[in-house]
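In what follows, a structure is listed as structure tokens, so that the remarks can point back to it.
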Amino acid sequence: MISRMPEKELLVRFVGAGFRFDRDVALEAVDLEVSSGERLAVLGPNGGGKTTLLSLMLGLRRPSAGRVEHLRLEPALRRGYVPQFPAFDRSFPVRVEEMVLEGRLRQRSSWRADQGECRAAVRRQLERLELLDLRRAYLTELSGGELKRALVARALVGDPELLVLDEPTASLDASARATFWELLSELPARTTVVLAAHDIAPSTFAPTRALLVDRRVRELGQEAMDAHALLCGHGRD
Amino acid sequence: MTDLSATTWLGLPAATVLAVLLASVLCGFVGTFVVLRRLVALGGGIAHAAFGGIGLAVLAGWDPRLGAAGVAAVAATLLSALPRERSDRVDAVIGVLWAVGMAVGMLLLAGRSGGDVDVEGYLFGDISSVRPSDLLVLGVLVLFVLGLHAVCGRQLVAIAFDPDHAALQGVRVHRLSWILMLVVALSLVALLALVGVVLAIALLAIPPLVGLRLGRSLPAIVVLATATALATGLGGLWLAGAFAWPAGPTVVLTGAALLAISRLGRRRSSRDAR
Chain U
4 MISRMPEKEL
14 LVRFVGAGFR
24 FDRDVALEAV
34 DLEVSSGERL
44 AVLGPNGGGK
54 TTLLSLMLGL
64 RRPSAGRVEH
74 LRLEPALRRG
84 YVPQFPAFDR
94 SFPVRVEEMV
104 LEGRLRQRSS
114 WRADQGECRA
124 AVRRQLERLE
134 LLDLRRAYLT
144 ELSGGELKRA
154 LVARALVGDP
164 ELLVLDEPTA
174 SLDASARATF
184 WELLSELPAR
194 TTVVLAAHDI
204 APSTFAPTRA
214 LLVDRRVREL
224 GQEAMDAHAL
234 LCGHGRD
Chain Z
23 MTDLSATTWL
33 GLPAATVLAV
43 LLASVLCGFV
53 GTFVVLRRLV
63 ALGGGIAHAA
73 FGGIGLAVLA
83 GWDPRLGAAG
93 VAAVAATLLS
103 ALPRERSDRV
113 DAVIGVLWAV
123 GMAVGMLLLA
133 GRSGGDVDVE
143 GYLFGDISSV
153 RPSDLLVLGV
163 LVLFVLGLHA
173 VCGRQLVAIA
183 FDPDHAALQG
193 VRVHRLSWIL
203 MLVVALSLVA
213 LLALVGVVLA
223 IALLAIPPLV
233 GLRLGRSLPA
243 IVVLATATAL
253 ATGLGGLWLA
263 GAFAWPAGPT
273 VVLTGAALLA
283 ISRLGRRRSS
293 RDAR
């Protein structure tokens with residue numbers, strides 16, 4: 004019997020998109036398509052516009068030139084995001100389990116929502132990321148690595164179809180990194196993963212495409228991807 | 023039906039006690055969001071801009087509260103419409119609103135004090151002469167705020183904590199932020215009747231700061247802030263009556279004293295408890 008590959012669905016399309024902060028151009032003339040099931044590595048120097056690209060992809064910012072089309076509107080695309088630097092105030096009175104539960108806000112907002120199932124999903128993620136003991140802790144009581152793990156749990160708890168990760172392994176220790184890469188490898192094949200990180204290597208994350216972002220976005224060929232993997236050899240175990 | 027103007031509770035006019043009770047609920051719910059979203063300076067700007075609205079309304083022969091509410095709502099809308107990339111300009115816009123509102127109000131009300139217009143009352147409040155319409159405004163606002171929390175409390179918390187993440191979860195962040203800003207603006211206008219434009223923002227800031235100091239979870243903070251606002255209002259009014267001090271400043275300084283006392287203790291970490 005021949006198994007059929009699930010059909011790819013186009014999720015986001017950049018058409019000549021650009022973004023500027025006042026007079027500083029962060030990105031320009033970006034043409035890019037992102038489909039379901041892709042594993043996209045986003046590489047490039049600091050200040051090259053990687054985070055801006057991810058924000059546009061998620062719809063958190065509007066381009067100042069061109070357009071970014073989010074093609075799945077109904078049912079709304081489930082999006083998970085681990086920001087490089089959280090924009091929230093860590094002194095906000097929220098416990099770890101409550102923050103992770105926010106990753107299910109869309110589902111919980113429906114009157115038909117199974118609140119028990121949402122809480123069970125939070126517990127599973129906390130357990131997986133070794134945060135169960137810290138579930139009642141407030142964010143000010145977490146270390147940088149623990150907070151990062153909580154952010155990963157929040158991004159994963161809503162079963163995202165588009166998962167965007169901006170330097171997710173920064174401030175994680177070796178054991179937490181190993182757990183994180185394992186979690187990524189267990190995601191369903193249909194999940195689109197977009198990862199900006201400096202320690203991408205074949206043993207940790209095997210991208211289907213790689214983008215080099217430095218004000219403009221260029222797709223890297225297989226050779227360049229291999230060369231990059233060699234350069235950041237510290238990712239190899 | 024009981025005549026509120028003739029009845030006294032706790033030695034204070036019943037209408038005043040009722041006004042303090044309703045204002046305390048606003049301080050607890052709205053004030054907590056004002057402090058958590060760091061909107062205190064913005065609230066101060068809106069309250070002072072509202073003074074310009076009072077001047078305009080008096081000039082036009084309308085109810086001054088109508089002018090204050092109109093200008094406060096416009097100011098709140100303008101501030102919430104500032105694009106994210108311009109958020110670094112918010113403090114400058116607040117400063118301009120603050121000063122221009124006061125200047126317009128003072129210009130339009132110049133020479134009216136002592137006549138049919140109580141300028142001092144608008145600046146520093148006159149809680150001893152709460153009118154039934156003040157109670158109605160406060161009551162409607164409290165009902166709206168409680169209803170808003172019941173219907174979209176989770177979304178309000180989400181945008182207060184992490185607006186970007188809330189947007190990813192389908193929350194209409196701009197619309198809800200605008201509604202929240204309108205509620206803050208109208209709460210300030212309702213509080214003007216009690217403590218005036220100069221002191222109103224203190225009532226939205228001080229009780230939640232006490233709540234944040236003494237409570238850890240959000241519901242506990244809201245309850246503690248409401249209780250602090252009640253103690254501040256009633257305690258301040260009692261002191262003002264006992265020592266013949268002006269009511270508005272005494273209420274605010276009572277709150278400041280409670281805030282100072284709340285900061286004496288040491289906070290316990292929930293990690294310590296494990």
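Going down the list, the protein sequences come from chains U and Z. Plus 3 on top of the position in the first sequence (first one is 1) and you've got our numbering. Plus 22 on top of the position in the second sequence (first one is 1) and you've got our numbering. Heads up, the beta-carbon is just placed ideally off N, CA and C, and yes, glycines get one too.
Between the CA atoms of residue j and residue i - distance to the nearest angstrom
i	j	result
Z:Leu240	U:Leu142	13 Å
Z:Gly270	Z:Asp140	15 Å
Z:Gly89	Z:Leu158	17 Å
U:Val33	U:Lys53	12 Å
U:Glu170	U:Leu59	17 Å
Z:Thr29	Z:Leu261	20 Å
Z:Val122	Z:Gly65	15 Å
U:Arg180	Z:Val57	36 Å
U:Lys82	U:Leu63	Checking the sequence shown, residue 82 of chain U turns out to be Arg, not Lys. Each residue's Cα considered, the two are about 11 Å apart.
U:Ser206	U:Val197	17 Å
U:Glu41	U:Leu190	12 Å
Z:Leu198	Z:Leu178	7 Å
U:Ser67	U:Leu80	23 Å
Z:Leu216	Z:Thr272	12 Å
U:Glu101	U:Phe183	21 Å
Z:Ala182	Z:His196	12 Å
Z:Gly143	U:Leu129	55 Å
Z:Gly169	Z:Phe51	11 Å
Z:Leu225	U:Ser146	35 Å
Z:Val211	Z:Leu163	11 Å
U:Phe208	U:Leu186	11 Å
Z:Trp120	U:Ala177	52 Å
U:Thr195	Z:Gly161	50 Å
U:His201	U:Leu61	21 Å
Z:Val112	Z:Pro105	10 Å
U:Thr172	U:Val160	18 Å
Z:Phe265	U:Ala123	58 Å
Option nearest residue i by Cα separation, candidates the options
i	options	result
U:Ser112	Z:Leu170, Z:Leu61, Z:Arg176 and Z:Leu119	Z:Arg176
U:Leu175	U:Glu189, U:Ala153, U:Glu164 and U:Val196	U:Ala153
U:Pro96	Z:Val80, Z:Gly255 and Z:Ala242	Z:Ala242
Z:Val167	Z:Ala41, Z:Thr272 and Z:Leu204	Z:Leu204
Z:Ala278	Z:Pro230, Z:Trp267, Z:Arg238 and Z:Val244	Z:Pro230
Z:Gly255	Z:Ala37, Z:Leu43 and Z:Ala36	Z:Leu43
Z:Pro35	Z:Gly67, Z:Leu119, Z:Leu234 and Z:Ile149	Z:Ile149
Z:Ser151	Z:Cys174, Z:Ala282, Z:Val244 and Z:Val39	Z:Val39
U:Ile203	U:Leu214, U:Arg193 and U:Tyr84	U:Leu214
U:Glu2	U:Phe22, U:Val160 and U:Leu137	Coverage of chain U is limited to positions 4 through 240, which leaves residue 2 of chain U absent and any answer about it impossible.
U:Leu244	U:Gly224, U:Val160 and U:Asp217	The question about residue 244 of chain U has no answer, for chain U in this structure spans 4 to 240.
U:Asp162	U:Tyr84, U:Leu57 and U:Phe17	U:Tyr84
U:Leu49	U:His73, U:Gln87, U:Gln225 and U:Glu144	The residue you asked about is not Leu; residue 49 of chain U is Asn in the sequence shown. Answer by Cα proximity: U:Gln87.
Z:Met128	Z:His171, Z:Val80 and Z:Asp156	Z:Val80
Z:Ile228	Z:Val93, Z:Arg111 and Z:Thr276	Z:Thr276
U:Leu74	U:Val15, U:Leu159 and U:Phe24	U:Val15
U:Glu144	U:Leu187, U:Glu105, U:Val167 and U:Arg93	U:Arg93
Z:Pro86	Z:Ala282, Z:Ala172 and Z:Ile76	Z:Ile76
Z:Ile223	Z:Gly53, Z:Ala37 and Z:Ala41	Z:Gly53
Presumed contact (8 Å Cβ cut-off) between residue i and residue j, rounded CB distance
i	j	result
U:Ala241	U:Leu134	Here chain U has residues from 4 to 240 only, and residue 241 of chain U is not among them.
U:Glu12	U:Ser39	4 Å
Z:Val219	Z:Ala72	6 Å
U:Ala20	U:Gly69	4 Å
Z:Leu246	Z:Gly237	5 Å
U:Arg98	U:Arg139	6 Å
Z:Gly147	Z:Leu214	7 Å
Z:Ile68	Z:Ala91	Not confirmed; about 11 Å, so no contact.
Enclosing beta strand (DSSP E) for residue i [first to last residue]
i	result
U:His201	From DSSP, U:His201 is part of no beta strand (DSSP E); its letter is neither H nor E.
Z:Gly50	Not the beta strand (DSSP E): Z:Gly50 falls in the alpha helix (DSSP H), residues Ala36 to Leu58.
Z:Asp156	It is not in any beta strand (DSSP E) - Z:Asp156 instead sits in the alpha helix (DSSP H) that spans Pro154 to Phe183.
U:Ala68	Ala68 to His73
Classification of residue i by the beta-carbon crowding that lies within 10 angstroms, buried from 16 upward
i	result
U:Glu164	buried
Z:Leu32	exposed
U:Gln110	buried
Z:Ala132	exposed
U:Arg107	buried
Z:Ala189	buried
Z:Ala94	buried
Residue range of the unbroken alpha helix (DSSP H) whose run includes residue i
i	result
U:Asp27	Here U:Asp27 belongs to no alpha helix (DSSP H); instead the beta strand (DSSP E) covers Asp27 to Ser38.
U:Leu13	Where U:Leu13 is concerned, there is no enclosing alpha helix (DSSP H), although the beta strand (DSSP E) it sits in stretches over Leu13 to Phe24.
Z:Val193	Taken as a continuous stretch (DSSP letters only), Z:Val193 belongs to no alpha helix (DSSP H), as it is neither H nor E.
Z:Ala121	Val112 to Leu131
Residues that residue i contacts on chain B, provided the C-beta gap is smaller than 9 Å
i	result
U:Glu105	No chain B is part of this structure, whose protein chains are labelled U and Z.
heavy atom of the ligand MN below 7 Å from residue i C-beta
i	result
Z:Thr29	No copy of the ligand MN occurs in the structure displayed, which carries no ligand at all.
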